[in-house]
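Chemist: Numbering (our numbering), first residue to last: 54 to 552.
We put the CB at the ideal spot given by N, CA and C, even for glycine.
Please read all numbers here as calculations on a predicted model, not as lab measurements.
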């Protein structure tokens with residue numbers, strides 16, 4: 054029969070199938086269904102119960118095969134059918150209590166056991182549905198399936214099931230429910246909520262580890278160890294993504310490396326009964342986390358300006374994403390090509406990241422060269438001030454000293470130009486020889502009209518003042534009037550020459 058038209062038991066929603074036929078026509082199933090009708094018609098309740106249990110086994114064995122192949126949706130449907138058979142069987146036995154030749158107390162006990170057995174099968178059906186939703190990335194659906202699975206196992210316990218498996222599965226599914234909530238919170242970047250939920254899941258799994266169990270139940274012990282590694286890896290993933298979002302790249306790197314180690318331990322500790330798809334899923338998770346770890350390490354290298362290391366790590370991340378994309382194709386799920394495409398897109402995007410890293414390296418090197426140039430200039434200014442008798446130790450002191458010096462130079466320049474103008478007027482009014490007067494005026498006007506400024510002007514004025522002083526010495530003080538002599542002395546003092 055086609056899965057798409059299959060009616061699952063009440064309360065067990067149909068899961069999307071990954072192939073056209075979930076249950077191919079089975080002669081054995083047909084015989085058992087005929088036996089159910091026959092025994093029911095003859096009020097053969099023990100025979101009916103036996104045929105029902107055999108039919109459950111047919112469905113259960115087929116569901117186990119589907120689970121081993123990673124077809125979780127198909128397994129969920131088969132387990133749902135098995136649960137319906139168990140519930141129908143309990144109802145038939147209960148209706149036939151009055152007509153049954155069997156011991157009534159024993160029949161009532163069988164009814165309770167059958168009802169609890171149906172609840173267990175329903176819980177497993179929803180658990181398979183949870184797996185189908187998880188691997189398909191449908192977290193809201195996974196949460197719903199986990200909740201229904203937990204409730205079904207709780208009903209099994211309430212209906213009198215004393216089997217340890219019922220309690221174990223209820224607490225296990227409760228842990229998976231909390232982990233699913235944590236994954237959903239992580240997807241929404243709600244890191245505090247994700248950490249809290251992951252810790253709750255961890256507490257539930259640790260509770261399983263402390264429950265008394267049969268020493269011979271090695272499969273159960275192996276499953277608990279695997280679950281503990283899984284939830285610890287989830288907690289580490291939440292932590293490193295939270296640190297990374299807060300730009301604490303070194304802290305993020307520590308927890309990312311821890312997540313990688315925990316997932317690697319999961320691969321090493323996968324029990325012998327684990328199906329091939331389990332290893333493929335864990336390998337995929339490891340590849341993705343290793344790629345994230347390499348990207349975080351690259352960011353740390355960038356922060357420390359280790360550009361070659363950063364580009365090497367980005368390339369490592371890119372190659373790990375390519376490898377993870379190939380692993381995705383080994384998954385027995387319909388969404389495997391979509392996962393592969395997403396990972397390939399991320400890997401290709403890292404090529405642009407490497408390009409940006411190269412651009413940042415070039416910009417950083419240019420900034421370093423400018424910084425070195427500025428430092429050299431700063432040292433030159435400080436050394437120059439020290440040579441002029443000004444002691445400074447910091448750039449701020451040097452700037453203050455230069456500012457003060459500039460103000461002094463500007464004032465001195467103004468005084469020199471003013472003195473030169475006054476000296477020019479005094480020479481024009483003097484009775485000096487015309488040729489001598491013309492010679493002095495040319496030098497004085499060269500000072501007052503000079504286009505030089507600041508220190509260059511002072512040097513120019515000093516040279517001119519020496520020429521004026523030499524001329525005045527040649528003509529003697531008696532030949533010059535007092536005004537010219539006094540102004541010449543003032544000019545000499547202003548340019549730093551002793552009269």
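(1) Between the region 323-330 and the region 360-380, can you find at least three pairs of beta-carbon atoms closer than 8 Å?
(2) Please classify residue 76 as buried or exposed, where buried requires at least 16 neighbouring CB atoms within 10 angstroms.
(3) Note the first and the last residue of the continuous alpha helix (DSSP H) segment covering residue 504.
(4) Could you tell me which of 125, 123, 119, 133 sits nearest to residue 108, measuring between CA atoms?
(5) Span of the alpha helix (DSSP H) holding residue 193?
(6) Going by CA-CA distance only, name the one from 389, 337, 172 that's closest to residue 210.
(7) Quick one: residues in its chain with C-beta nearer than 6 Å to the C-beta of residue 313, no 5 flanking neighbours on either side, listed in chain order?
(8) Does the region 495-511 come into contact with the region 462-472, if we say contact requires no fewer than three beta-carbon pairs (one atom in each stretch) closer than 8 Å?
(9) My parser needs the alpha helix (DSSP H) runs of 4 or more residues fully inside the region 269-297; what are they?
(10) Taking the alpha carbon of residue 182 as the reference point, which residue from 139, 477, 240, 119 has its own alpha carbon closest?
(11) Alpha carbon to alpha carbon, what distance is there between residue 306 and residue 300?
(12) Under 8 Å: do the region 128-147 and the region 348-365 share three or more Cβ pairs, one atom per stretch?
(13) Under 8 Å by Cβ, that's how I've got residue 261 and residue 206 pegged, so tell me the actual separation to the nearest angstrom.
(14) Would you kindly report the start and end of the unbroken alpha helix (DSSP H) that includes residue 242?
(15) Along the chain, where does the alpha helix (DSSP H) containing residue 329 start, and where does it finish?
(16) Is it true that the region 233-249 meets the region 196-204, where meeting means three or more beta-carbon pairs spaced less than 8 Å apart?
(17) Assuming contact is defined by CB atoms lying nearer than 8 Å, are residue 203 and residue 227 in contact in what I supplied?
(18) What's the C-alpha gap between residue 187 and residue 334?
(19) Would the beta-carbon of residue 339 fall within 8 Å of that of residue 332?
(20) Going by beta-carbon coordinates alone, are residue 135 and residue 174 separated by less than 8 Å?
(21) How big is the Cα-Cα spacing for residue 219 and residue 129?
(22) DSSP state of residue 548, grouped into three classes?
(23) Suppose you measure from the CA of residue 536 to the CA of residue 528; what does that come to, to the nearest Å?
(24) Just to confirm my understanding: we take residue 473, look at its own chain, exclude 5 residues before and 5 after, and list those with CB closer than 6 Å. What are they?
(25) Could you spell out the range, first to last residue, of the alpha helix (DSSP H) harbouring residue 312?
(26) Tell me which same chain residues have a C-beta within less than 6 Å of the C-beta of residue 549, skipping the five on either side of it?
(27) Quick one: what's got a C-beta closer than 7 Å to residue 257's C-beta in the same chain, skipping five residues either side?
(28) Take the Cβ of residue 461 as the centre, count every other Cβ of all protein chains shown within 10 Å, and call the residue buried at 16 or more, exposed below.
(29) Quick one: what does DSSP say residue 384 is sitting in, helix, strand or coil?
(30) Measuring only the C-alpha atoms, how far is residue 371 from residue 364?
(31) If you draw a straight line from the alpha carbon of residue 380 to that of residue 302, how long is it in whole angstroms?
(32) Taking the C-alpha atoms as reference points, what is the distance between residue 284 and residue 247?
Modeler: Once the coordinates are examined:
(1) Verdict: no, contact absent.
(2) Position 23 of the chain shown, counting from 1, holds the residue named residue 76. Note on residue 76: pLDDT 41, under 50, position unreliable in the model; no value is reported.
(3) Locating residue 504 in the chain shown gives position 451, counting from the first residue. Where residue 504 is concerned, there is no enclosing alpha helix (DSSP H), given that its DSSP letter is neither H nor E.
(4) Within the chain shown, the letter at position 55 stands for residue 108. Nearest of 125, 123, 119, 133 to residue 108, Cα basis: 133.
(5) For the purposes of this step, residue 193 is taken as residue 140 along the chain shown, with counting starting at 1. Where residue 193 is concerned, the enclosing alpha helix (DSSP H) stretches over 192-211.
(6) The count along the chain shown starts at 1 and reaches residue 210 at position 157. Here the closest residue by C-alpha is 172.
(7) As a position in the chain shown, residue 313 is number 260, starting the count at 1. Apart from the 5 residues on each side of it in sequence, residue 313 sits with its Cβ closer than 6 Å to the Cβ of 342, 343, 346 in its chain, given in chain order.
(8) Cβ pair count under 8 Å is three or more, so yes.
(9) The qualifying runs do not exist here; there are none.
(10) Within the chain shown, residue 182 is the residue found at index 129, counting from 1. Closest by alpha carbon: 119.
(11) Indexing the chain shown from 1 puts residue 300 at position 247. Indexing the chain shown from 1 puts residue 306 at position 253. Cα to Cα, residue 300 sits roughly 11 Å from residue 306.
(12) Judged by Cβ distances under 8 Å, the region 128-147 makes no contact with the region 348-365, as fewer than three pairs qualify.
(13) Here residue 261 refers to the residue found at position 208 of the chain shown. Here residue 206 refers to the residue found at position 153 of the chain shown. So it is not a contact: roughly 13 Å between Cβ atoms.
(14) In the chain shown, the residue the question calls residue 242 occupies position 189. Here residue 242 belongs to no alpha helix (DSSP H), and DSSP marks it neither H nor E.
(15) Position 276 of the chain shown, counting from 1, holds the residue named residue 329. Where residue 329 is concerned, the enclosing alpha helix (DSSP H) stretches over 329-356.
(16) A contact exists between the region 233-249 and the region 196-204.
(17) As a first step, residue 203 must be located in the chain shown, where it is residue number 150. As a first step, residue 227 must be located in the chain shown, where it is residue number 174. Between residue 203 and residue 227, the CB-CB gap stays under 8 Å.
(18) Mapped onto the chain shown, residue 187 falls at position 134. Mapped onto the chain shown, residue 334 falls at position 281. One Cα belongs to residue 187, the other to residue 334, and the distance between them is close to 11 Å.
(19) Here residue 339 corresponds to residue number 286 of the chain shown, with the count starting at 1. Here residue 332 corresponds to residue number 279 of the chain shown, with the count starting at 1. Judged by beta-carbon spacing, residue 332 lies beyond the 8 Å limit of residue 339, meaning their Cβ atoms are not closer than that value.
(20) Position 82 of the chain shown holds residue 135. Position 121 of the chain shown holds residue 174. Contact flag set, yes.
(21) Counting from 1 along the chain shown, the entry for residue 219 is found at position 166. Counting from 1 along the chain shown, the entry for residue 129 is found at position 76. Rounded to whole angstroms, residue 219 to residue 129 spans 18 Å at the Cα level.
(22) For the purposes of this step, residue 548 is identified with residue 495 of the chain shown, where counting begins at 1. Looking at residue 548 - three-state DSSP - the assignment turns out to be coil, as it is neither helix nor strand.
(23) The residue you call residue 536 lines up with position 483 of the chain shown. The residue you call residue 528 lines up with position 475 of the chain shown. It is roughly 15 Å from the alpha-carbon of residue 536 to the alpha-carbon of residue 528.
(24) Residue 473 sits at position 420 when you count from the first residue of the chain shown. These residues qualify, in order along the chain: 497, 500, 501.
(25) Residue mapping note: residue 312 aligns to position 259 of the chain shown, counting from 1. Annotation: the continuous alpha helix (DSSP H) that includes residue 312 extends over 302-321.
(26) By one-based count along the chain shown, residue 549 stands at place 496. The answer is none, since no qualifying residue turns up.
(27) Within the chain shown, numbered from 1, the residue matching residue 257 stands at position 204. Beyond the five residues adjoining it in sequence on each side, residue 257 comes within less than 7 Å, by CB distance, of 224, 227, 228, 231 in the same chain, given in chain order.
(28) Counting from one through the chain shown, the residue named residue 461 turns up at place 408. Here residue 461 is exposed. Its C-beta has fewer than 16 other C-beta atoms within 10 Å.
(29) Here residue 384 is taken as the residue at index 331 of the chain shown, counted from 1. Coil at residue 384, not helix or strand.
(30) In the chain shown, residue 371 corresponds to position 318, counting from 1. In the chain shown, residue 364 corresponds to position 311, counting from 1. So the two alpha carbons sit approximately 10 Å from each other.
(31) Locating residue 380 in the chain shown gives position 327, counting from the first residue. Locating residue 302 in the chain shown gives position 249, counting from the first residue. Note on geometry: alpha-carbon atoms of residue 380 and residue 302 lie some 28 Å from one another.
(32) By one-based count along the chain shown, residue 284 stands at place 231. By one-based count along the chain shown, residue 247 stands at place 194. Between the alpha carbons of residue 284 and residue 247 lies a gap of roughly 11 Å.
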